[in-house]
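Asks:
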Amino acid sequence: MSRPLRWRSPIRGPWLTSMFALPLLAGLPVVALTGLLDRLAYGREQAIPAADAVGGLQLPWWDWPADPAWLFRLTEGLHVGLGTVLVPLVLAKLWSVIPKLFTGPERNPVALLERLSLVLLVGSILFLVVTGLLNVQYDYVFGFSFYDGHYAAAWVFLAAFTLHVVTKLPTMVRSLRSRRLRTELATPLAATRPEPPHPLVAPDPDPPTMSRRGAIALVGGGMVFVAALTVGQFTDRFRATALLLPRGRTTAPGSTERGGPNDFPVNRTFAASGIDPAVVGDGWRLTLTGGAAPVVLDRAALAALPQHTARLPIACVEGWSTSQEWTGVRLTDLARAAGVPAPASAEVRSAEAAGPFTRSLLNRAQTLAPDSMLALRVNGADLSRDHGFPARLVVPALPGVHNTKWVATIGFSGAPR
Amino acid sequence: MLGCFALAGWAVWSIAGGSPDLVRMAWWFLGAVVLHDLVLFPLYAAGDRLLLTALPRTRVPLVNHVRVPLLGSGLALLVFLPGILRQGGATTTAATGLDQEPYRLRWVALSVALCAASALVWVLRTLRARRASSRA
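Protein chains in written order, with the working numbering: chain X, 25 to 441; chain R, 245 to 380.
1. Going along the chain, which residues of its own chain have a beta-carbon closer than 8 Å to the beta-carbon of G238(X), five neighbours each way excluded?
2. Kindly indicate which three-state DSSP category F262(X) falls into: helix, strand or coil?
3. Within 10 angstroms of the Cβ of P223(X), are there 16 or more other Cβ atoms? Answer buried if so, exposed if not.
4. Counting C-beta neighbours from all protein chains within 10 Å, is the total for M43(X) 16 or more, i.e. buried, or is it exposed?
5. Check whether the Cβ atoms of G314(X) and S437(X) sit closer than 9 Å, and answer yes or no.
6. Are the CB atoms of L392(X) and V353(X) nearer to each other than 9 Å?
7. Buried or exposed: E281(X), going by 16 or more other Cβ atoms within 10 Å of its Cβ?
8. Would a C-beta distance cut-off of 9 Å place M245(R) and S141(X) closer than the cut-off?
9. Expressed to the nearest angstrom, what Euclidean distance is found between the alpha-carbon atoms of L57(X) and L95(X)?
10. Could you pull out every unbroken alpha helix (DSSP H) segment of at least 4 residues lying fully inside the region 164-250 of chain X, listed in chain order?
11. Roughly how many angstroms separate the alpha carbons of Q82(X) and G244(X), rounded to a whole number?
12. Quick one: does P326(R) have its CB under 9 Å from some CB of chain X?
13. Taking the beta carbon of R206(X) as the centre, do at least 16 other beta carbons fall within 10 Å, making it buried, or is it exposed?
14. Would you say H280(R) reaches chain X, if we count a Cβ-Cβ gap shorter than 9 Å as a contact?
15. Of the residues that make up the region 343-366 of chain R, which ones have a beta carbon closer than 7 Å to any beta carbon in chain X?
16. For my contact list, V154(X) and V323(R) are in at a C-beta cut-off of 8 Å; report their separation, rounded to the angstrom.
17. Name the residues in the region 267-292 of chain X whose C-beta lies less than 7 Å from a C-beta of chain R; which are they?
18. Three-state secondary structure (DSSP) at T155(X)?
19. In chain X, which residues lie with their C-beta within 9 Å of the C-beta of G316(R)?
20. Could you run through the region 139-155 of chain X and flag, in chain order, every residue whose CB is less than 7 Å away from some CB of chain R?
21. Our contact map puts T254(X) next to A266(X) with C-beta atoms below 8 Å; I'd like the distance itself, whole angstroms only.
22. Is the beta carbon of L422(X) closer than 9 Å to that of A90(X)?
23. Between which two residues does the beta strand (DSSP E) containing P491(X) stretch?
24. Suppose contacts are defined by Cβ-Cβ distances below 9 Å. Is R388(X) in contact with S374(X) by that definition?
25. Judging by CA-CA distance, which residue of L125(X), S202(X), D260(X), A370(X) is the nearest neighbour of R335(X)?
26. Using 9 Å as the limit for Cβ to Cβ distance, is T382(X) near chain R?
27. If you drop the 5 nearest sequence neighbours on each side, which residues of the same chain put their C-beta closer than 6 Å to that of S26(X)?
28. Could you have a look at M397(X) and say whether DSSP puts it in helix, strand or coil?
29. Examine chain X for any beta-carbon lying closer than 9 Å to the beta-carbon of A290(R), and answer yes or no.
30. State the start and end residues of the unbroken alpha helix (DSSP H) segment that holds G247(R).
31. Identify whether L81(X) lies in helix, strand or coil by the three-state DSSP scheme.
32. Do the region 119-138 of chain X and the region 358-370 of chain X touch if we need at least three Cβ pairs shorter than 8 Å?
33. Would you call E69(X) buried or exposed, if buried means 16 or more other Cβ atoms sit within 10 Å of its Cβ?
34. Is T370(R) helix, strand or coil when you go by DSSP?
35. Quick check: what's the CA-CA separation for L145(X) versus A135(X)?
36. Helix, strand or coil: how does DSSP classify L364(R) here?
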């Protein structure tokens with residue numbers, strides 16, 4: 025028999041573990057639920073992985089609403105923001121239970137299976153955190169589809185998390201009751217003693233170097249620190265505080281848009297779209313279909329139609345968001361011009377030839393929302409090319425990538441999608 | 245419990261089953277666990293041991309004044325690794341029109357600021373402790 029590892033921490037124990045578990049029990053379901061909602065927001069036909077490939081693993085589809093306009097900004101922001109802020113807490117929780125990893129294998133098959141489910145739980149959380157953080161920072165080193173991997177791991181997580189909560193909830197409650205939080209918060213380092221004997225408690229610990237309240241403050245401080253470096257990407261005023269994230273910045277320092285009406289984050293540059301500049305130059309035309317015959321409009325004709333202005337967010341699946349004042353032609357006015365007076369759905373196509381987001385499918389609520397528009401201008405100026413000049417779709421509460429840029433055709437239909 | 249394994253298995257199979265990606269996903273799944281449990285944890289635990297033995301004994305213990313800024317710096321490195329390492333530059337530029345130039349220096353500056361703040365607090369605590377003991 026080899027000598028077991030000697031655990032040294034005098035504060036590791038079931039009470040502290042439960043203190044880390046409790047906020048995770050509250051926070052992780054919010055992250056999971058908002059993640060699933062964001063999948064719904066993508067819409068049945070545009071969700072990735074495609075709905076039919078997912079078997080029965082899908083929340084009941086319902087039409088994502090177009091009101092309130094901030095809905096997707098909130099759900100996606102919560103998913104990414106809270107998911108990032110919980111990272112220090114997840115690490116602390118893993119630290120607090122790590123002696124269990126180094127105990128011998130279980131003989132009892134039920135206990136063995138329970139241990140195995142912990143591999144699924146820890147593995148899926150780490151996998152979700154790592155792929156999520158990489159995706160937010162546009163780093164695709166993992167080499168598989170982010171959507172497939174993140175979505176599959178989400179179900180592994182939901183299964184393993186449910187099992188873990190069901191089996192451990194009584195332990196957590198019991199452990200939390202074993203000490204009083206108020207007493208712990210009043211206990212300085214000098215008076216810090218180990219918890220009573222338990223598999224997590226070191227039998228022969230070192231003298232304390234940090235009190236329990238210190239450890240809790242450390243983890244809480246880590247969460248505040250990550251939050252301070254993350255919230256900026258959800259706001260326009262405090263954007264620069266997201267010091268280390270791509271969405272802490274708007275446009276490049278030398279850019280001609282710097283400080284102007286188009287100075288807000290871009291998702292997919294004009295250069296990356298591969299569109300021939302001539303296609304979106306003076307020869308650009310918008311084709312409206314769905315009526316008796318296609319209707320073709322140039323930009324001057326569009327600008328001559330009644331213009332609508334609204335402040336609407338662009339919220340991206342990578343979690344960042346911005347709110348700008350858009351001006352353009354209401355989709356309902358375009359539908360009337362197309363000869364479809366009562367549209368129930370729309371398909372908006374970009375001049376961009378290839379890529380997963382070259383078209384957008386709108387449901388009834390999104391087509392009819394009074395603020396849904398084909399925007400020509402933003403903040404009182406023409407759209408920049410990077411923001412979709414000559415015209416882009418802006419629909420309230422629609423995921424950013426579906427607000428198609430460089431729009432070429434819009435097909436209206438009287439039939440719902 | 246069996247339901248948990250069934251759901252997990254079914255999910256993975258119906259979403260990624262038959263795809264060549266599945267093997268890569270499995271590697272990343274297991275890799276994440278191994279990297280955390282057998283690399284990251286032993287590393288920071290050993291680092292902490294080293295810290296405890298190497299630091300001089302002082303009136304106000306230094307240990308947490310070293311731990312806190314290092315953990316903060318490490319946490320920022322871990323969470324914002326791609327920008328700091330300049331990974332995914334091409335996709336970042338295609339998506340945002342921006343490069344990854346500033347992040348490394350910003351991270352260094354942030355780490356220095358954390359260390360400086362922690363050192364300042366230590367100095368203040370030491371001064372206060374000294375004054376308290378001279379009064380006693």
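Even glycine gets a Cβ: it sits at the ideal position worked out from N, Cα and C.
Replies: In brief:
1. Looking up residue 238(X) in the first sequence gives position 214. Only L213 meet the Cβ criterion.
2. Mapped onto the first sequence, residue 262(X) falls at position 238. Residue state, collapsed to three classes: coil.
3. The residue you call residue 223(X) lines up with position 199 of the first sequence. Exposed, by the Cβ-count rule.
4. In the first sequence, counting from the first residue as 1, residue 43(X) sits at position 19. Buried: at least 16 other Cβ atoms inside 10 Å.
5. As a first step, residue 314(X) must be located in the first sequence, where it is residue number 290. As a first step, residue 437(X) must be located in the first sequence, where it is residue number 413. It is a contact, given that the beta carbons lie within the stated cut-off.
6. Counted from its first residue, the first sequence places residue 392(X) at position 368. Counted from its first residue, the first sequence places residue 353(X) at position 329. Cβ atoms of L392(X) and V353(X): not closer than 9 Å.
7. The residue given as residue 281(X) occupies position 257 in the first sequence. So E281(X) counts as buried.
8. Your numbering for residue 245(R) matches position 1 in the second sequence. Your numbering for residue 141(X) matches position 117 in the first sequence. Cβ distance < 9 Å, so M245(R) and S141(X) count as in contact.
9. Start at 1 with the first residue of the first sequence, and residue 57(X) comes out as number 33. Start at 1 with the first residue of the first sequence, and residue 95(X) comes out as number 71. L57(X) and L95(X) have their C-alpha atoms roughly 14 Å apart.
10. Counting only runs of 4 or more, we get 170-201, 205-209.
11. Your numbering for residue 82(X) matches position 58 in the first sequence. Your numbering for residue 244(X) matches position 220 in the first sequence. When rounded, the distance between both Cα atoms is 34 Å.
12. By one-based count along the second sequence, residue 326(R) stands at place 82. It does; some Cβ of chain X falls within 9 Å.
13. Counting from one through the first sequence, the residue named residue 206(X) turns up at place 182. R206(X) comes out exposed.
14. Mapped onto the second sequence, residue 280(R) falls at position 36. With a threshold of 9 Å between beta carbons, H280(R) makes contact with chain X.
15. Y347, R350, W351, L354
16. Taking the first residue of the first sequence as 1, we reach residue 154(X) at position 130. Taking the first residue of the second sequence as 1, we reach residue 323(R) at position 79. That belief does not hold up - the Cβ atoms of V154(X) and V323(R) are roughly 10 Å apart, past 8 Å.
17. L267, L268, L269, P270, R273, T275, A276, P289, V290, N291, R292
18. On the first sequence, residue 155(X) is found 131 positions in, with the first residue counted as 1. In the structure shown, T155(X) sits in a helix (DSSP, three-state: H, G or I).
19. Here residue 316(R) is taken as the residue at index 72 of the second sequence, counted from 1. In chain order: G245, G246, F249.
20. S141, V143, L144, V146, G147, L150, F151, V154
21. Taking the first sequence and counting its residues from 1, one reaches residue 254(X) at position 230. Taking the first sequence and counting its residues from 1, one reaches residue 266(X) at position 242. Rounded, the Cβ-Cβ distance is 6 Å, consistent with contact.
22. Position 66 of the first sequence, counted from the first residue, corresponds to residue 90(X). Position 398 of the first sequence, counted from the first residue, corresponds to residue 422(X). Cβ distance < 9 Å, so A90(X) and L422(X) count as in contact.
23. Because chain X in this structure spans residues 25 to 441, residue 491(X) falls outside the shown range and cannot be described.
24. To locate residue 388(X), count along the first sequence from 1; it is residue 364. To locate residue 374(X), count along the first sequence from 1; it is residue 350. The answer is no: Cβ separation not under 9 Å.
25. Reading the first sequence from its first residue, position 311 is the one you call residue 335(X). Comparing Cα positions, the closest option is D260(X).
26. The sequence position of residue 382(X) within the first sequence is 358, counting from 1. Judged by the 9 Å Cβ criterion, T382(X) is not in contact with chain R.
27. Within the first sequence, residue 26(X) is the residue found at index 2, counting from 1. Since pLDDT at S26(X) reaches only 46, below the 50 mark, its modelled position is unreliable, and the value read off the structure follows with that caveat. Beyond the five residues adjoining it in sequence on each side, S26(X) comes within less than 6 Å, by CB distance, of no other residue in the same chain.
28. Translated into positions along the first sequence, residue 397(X) becomes position 373. The answer is strand: DSSP assigns M397(X) an E or B state.
29. Start at 1 with the first residue of the second sequence, and residue 290(R) comes out as number 46. Chain X, which has no Cβ nearer than 9 Å to the Cβ of A290(R), makes this no.
30. Counting from 1 along the second sequence, the entry for residue 247(R) is found at position 3. Its alpha helix (DSSP H) spans residues 246-260.
31. Your numbering for residue 81(X) matches position 57 in the first sequence. L81(X): coil per DSSP, three-state reduction.
32. no
33. Along the first sequence, one-based indexing puts residue 69(X) at 45. So E69(X) ends up on the exposed side.
34. Working through the second sequence from its first residue, we reach residue 370(R) at position 126. It is helical.
35. Looking up residue 145(X) in the first sequence gives position 121. Looking up residue 135(X) in the first sequence gives position 111. Answer to the nearest angstrom: the Cα atoms are 15 Å apart.
36. Within the second sequence, numbered from 1, the residue matching residue 364(R) stands at position 120. Of the three classes helix, strand and coil, the one that applies to L364(R) here is helix, per DSSP.
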